[in-house]
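Structure first, commentary second.
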Amino acid sequence: MAALLTLSRLIDATTEFIGKAVSWLVLAAVLVSAGNAIVRKVFDTSSNAWLEAQWYLFGAVFFLAAAYTLKQNEHIRIDIFYGSRSKQTQDRIELFGLLFFLMPFCLLMLWLLVPYTLEAFHSGEMSAAAGGLILWPSKALILGGFVLLTIQGVSEIIKRIAIMNGLMDDPNPHLASHAPLDMAPEVKGDNHA
Amino acid sequence: MLEFIAQNMAPIMFASLIIFLLLGYPVAFALAANGLFFFAIGVELAPYSGGEITLFWPLLGALPDRFWGVMSNDTLLAIPFFTFMGLILERSGMAEDLLDTVGQLFGPIRGGLAYAVILVGALLAATTGVVAASVISMGLISLPIMLRYGYDRRVASGVIAASGTLAQIIPPSLVLIVLADQLGKSVGDMYAGAIVPGMVLTGLYMLYVFGLTVLYPKSAPALPLEARTLGSGVVSFIVMAVIVIALTWLLEHFLVPSQGDNAGILATSAGILAAYFIAVADKVSGFNILSRLTQQVIIVLIPPLALIFLVLGTIFLGIATPTEGGAMGAVGALVLALSKRRLSFDLLKQALAATTRLSSFVMFILIGARVFSLTFYGVNGHLWVEHLLINLPGGQLGFLIVVNILVFILAFFLDFFELAFIIVPLLGPVAEKLGIDLIWFGVLLGINMQTSFMHPPFGFALFYLRSVAAKVPYIDKITKLRTEPVTTAQIYWGAVPFVIIQVIMVCLAIAFPQMIMRYKGDAETNKGSIEMQLPDIGKNSTKPMGTGNTPGLELAPLGMPDTKKPATPAAPDLSQPPKFN
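Heads up: the protein sequence lines correspond to chains A and B, in order.
Be aware that the first sequence starts at 1, since it is given in the numbering used here, and climbs by one per residue.
Be aware that the second sequence starts at 194, since it is given in the numbering used here, and climbs by one per residue.
The following block contains the structure:
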């Protein structure tokens, strides 16, 4: 189990690093898109490559950060039932979901995405728009996202089993509802003191 | 038995989706799992279904392309842009400044702080699509002040939670982007349709506060004299306001011949800029002709207003697409935060990480919904929903009432993202068949879904407010008095009147579709011509915005014969609001 937990920590660190790193691409997407808008207005021209770069960047953000979001327990859930269960039941639901909801989906997608991406890579397929970008990197992003999500799923399974056996504390215990989108935890502190 | 299941796959699948979701595992993956599970069953049962099920294994191969379609969708790019913009503004202290100043402006009248919260809520809503941030900052800043000066706790918490949810309906809201995408309409039109209802709703909130102060003056008292830190000087504010409005009016008349419809927006921008320069000049030069209150109000209020004009103005004028507007707004927010010297590296990093996580969970719900819909359409689920809804008594009105009641109930335990991605694609085609304008329909649903944030006991806005409101008695910083905490029951009861207002607003929007139909601009005035919803290329960039993800929602391509034109004169005109009377 210790070896598995080490593996899980390694996975967590990787996905968190990637998740935070790709978050800078949001800023890049903002700047590219604002730049496109200005160029289009001022010079009355536009480049399909740069227009496509916007959603390439955003695609990289949300696909590659999905694993990090899973690790942070921020994929939203409907907790009308879940929220009122005991911790033990919640853990069981969590493990069930990981094994029967998340993993089959991820594995199926890997099985479909590998040939999908390879085909685009070998054919050197280009975007249909004139002057557009080459397609396979965007498809590889989807594949990359699901690879990360799959290994994060493995890490979550390891952690959940460890939590259920009392080997570790839950790093993200479920709150009454999904955590507010506040950026810094300090807002939860009492400012009236 | 097998035949029975095979021929009733759609209802069975939908019922079990509810169970899958209620289990409490993240929605995105529960949706996908439900889709895949029934895909497998569907393929096996297809031979027994009498043609009802059109699923076969190779169809799964369509999934990567469907995901790729989600990714290459320009419209949804606006989601991270507006989220990021809102978070930067929030964290650079805009909410604090606004609440302090507007609170001082309205403080001297009864219910003043409540009006300030509603107005600031609407202003924040117009810069961001994020509910959480507004509620949290208003809960942190305004709630203690309201409690200090004797506001009824239910009124105070209700006003804050409800005003925070205005971000859902006042453009540039995320829910409107998602709704436009799911209904295959342009985001710009959706924004234009939502702006009047958003303002009317803000007005209704204020009317409610006014009614309270008349009936129960003690529930929302005026600020005592010693709390008016900026002094008085309302007269100079009113004079200033009159000057600016006069200037705007004159400019508009001057500009109308050359600029046409855009004159109003241009003149307002000019008037507001003029006010800003006068106030800054007055302050810097030391003349201080204006009162301190006026200076402060103008200087604090104008930058966000300018940003709102930059974003919404350019979208409405057709200069920018909503995506471009979002990007410009985000850059504008960064510039504002920089100029206030409040932009730190840490703040930027946090805002980016929060935007990333929000984008990821929203987009993955959409990914999950794509898996679900692949199967659901394969078992003719859309036809099942259509049969259920299209034969409702009362035609359009009956449909709207039933759908709104349904959404209102679902909003008790579903978030708006779930509603928008799961329910709306099923309802949209039926609404279109009934001749309901989809922008009108979308805005109606948007107002209705706003209640999902306010419904006790699961409303997220209430939850956010709970997380920042005092839970134990505390000593007030100014009055040094022991102040009782806000109980959860008070937060719940405070929200109830606003949920009722929301229902009233939905009824108003059904009764007076003109509020929303304004988005068509001139088209409304030259009636008679059958005007179809074409992707307005002129307004958007190189690609049409309505990406028509949902089968059956494809827009008629430009230049094609108008296939959707009513076949007979008696058929309903799809482009006009129905008349009920």
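Every residue, glycine too, gets a C-beta built ideally from N, C-alpha and C.
Worksheet item: In this structure, does DSSP put A/T69 in helix, strand or coil?
Response: helix
Worksheet item: Looking only at C-alpha atoms, which of B/F653, B/F592 and B/T568 sits nearest to B/L607?
Response: B/F653
Fill in: Rounded C-alpha distance that separates B/Y384 from B/D293
29 Å
Worksheet item: Which residue's Cα is closest to the Cα of B/F277: B/T548, B/F538 and B/I632?
Response: B/T548
Item to complete: Below 8 Å CB to CB, which residues in the same chain sit around A/C106 once its five sequence neighbours on both sides are set aside?
Response: F146, L149, T150 and G153
Worksheet item: In terms of residue numbering, what span does the alpha helix (DSSP H) encompassing B/M647 cover?
Response: Neither: B/M647 is in no alpha helix (DSSP H) and is coded neither H nor E.
Discussion item. For B/T294, would you say it is in contact with chain A, using Cβ-to-Cβ distances shorter than 8 Å as the test?
Written reply: no
Worksheet item: Whose C-beta lies closer than 6 Å to the C-beta of B/A319 among residues of the same chain, with five residues either side of it excluded?
Response: The residues are I363 and I501.
Worksheet item: Nearest to B/A562 by CA position, among B/K378, B/A225 and B/L459, is which residue?
Response: B/A225
Fill in: Per-residue DSSP class, three states only, for B/Y776
There is simply no residue 776 of chain B to check, as chain B begins at 194 and stops at 774 in what is shown.
Worksheet entry | CA-to-CA distance, B/V310 to B/I492, given in whole angstroms | 18 Å
Worksheet entry | Contiguous alpha helix (DSSP H) assignments of at least 4 residues, all confined to the region 497-573 of chain B | 515-532 and 538-571
Discussion item. Looking only at its chain, what residues have a beta carbon closer than 7 Å to the beta carbon of B/R535, apart from the 5 residues adjacent to it on each side?
Written reply: Same-chain partners within the cutoff: S285 and G286.
Worksheet item: What are the residues of the region 546-572 of chain B that lie near chain A, defined by any Cβ-Cβ distance shorter than 7 Å?
Response: Against chain A - using a Cβ distance shorter than 7 Å - the residues of the region 546-572 of chain B are A546, A547, T548, T549, R550, L551, S552, S553, F554, M556 and F557.
Discussion item. I'd like to check one pair, B/G426 with B/L494: are the Cβ atoms closer than 8 Å?
Written reply: No, Cβ-Cβ distance for B/L494 and B/G426 is not below 8 Å.
Item to complete: Report the three-state DSSP secondary structure of A/I134 (helix, strand or coil).
Response: In the structure shown, A/I134 adopts extended strand secondary structure according to DSSP, grouped into three states.
Discussion item. 8 Å is my cut-off, CB to CB: does B/S429 come that close to chain A?
Written reply: no
Worksheet item: Is it buried or exposed for B/Y782, if we count other Cβ within 10 angstroms and need 16 for buried?
Response: No statement about residue 782 of chain B is possible, as the shown extent of chain B runs from 194 to 774 and does not include it.
Practice prompt. Could you have a look at B/T676 and say whether DSSP puts it in helix, strand or coil?
Written response: Looking at B/T676 - three-state DSSP - the assignment turns out to be strand.
Discussion item. Measuring CB atoms only, is the region 298-313 of chain B touching the region 548-557 of chain B, in the sense that at least three cross pairs come out at less than 8 Å?
Written reply: no
Worksheet item: Using the C-alpha atoms, what's the distance from B/M521 back to B/G377?
Response: 24 Å
Worksheet entry | Inter-residue Cα distance where the pair is B/Y342 and B/L317 | B/Y342 and B/L317 have their C-alpha atoms spaced approximately 24 Å apart.
Worksheet item: Does DSSP put A/I11 in a helix, in a strand, or in coil?
Response: Reduced to three states, the DSSP call for A/I11 is helix.
Practice prompt. Report yes if the C-beta distance between B/T395 and B/L359 is below 8 Å; otherwise report no.
Written response: yes
Worksheet item: Are the region 602-622 of chain B and the region 630-646 of chain B touching by the rule of at least three beta carbon pairs closer than 8 Å?
Response: yes
Worksheet entry | Start-to-end residues for the alpha helix (DSSP H) that takes in B/K476 | A456 to S478
Discussion item. Tell me which residue opens and which closes the alpha helix (DSSP H) that B/K626 is part of.
Written reply: V617 to K626
Worksheet item: Any Cβ of chain A within less than 8 Å of the Cβ of B/M287?
Response: no
Worksheet item: In chain order, what residues of the same chain lie with their CB nearer than 6 Å to the CB of B/A472, ignoring the 5 residues before and after it?
Response: Excluding sequence neighbours, B/A472 sits near Q488, I491 and I492.
Worksheet entry | Cβ-Cβ separation, B/A662 to B/S350 (assumed contact under 8 Å), whole Å | That pair is a contact at about 7 Å.
Practice prompt. Would you verify that the beta carbon of B/M264 is, or is not, closer than 8 Å to some beta carbon of chain A?
Written response: Yes - at least one Cβ of chain A is within 8 Å of the one on B/M264.
Practice prompt. Below 7 Å between beta carbons is the criterion; list the residues of the region 194-217 of chain B that meet it against any residue of chain A, in chain order.
Written response: L214, L215, L216 and G217
Discussion item. Would B/W261 pass as an interface residue toward chain A - the criterion being a Cβ-Cβ separation below 8 Å?
Written reply: yes
Worksheet item: Buried or exposed: which applies to B/T672, given that a residue is buried once 16 or more other Cβ atoms fall within 10 Å of its Cβ?
Response: exposed
Worksheet item: Which class does B/I370 belong to by DSSP, given the choice of helix, strand or coil?
Response: helix
Item to complete: Express the C-alpha separation of A/S23 and A/E16 in angstroms, rounding to a whole number.
Response: Rounded to whole angstroms, A/E16 to A/S23 spans 11 Å at the Cα level.
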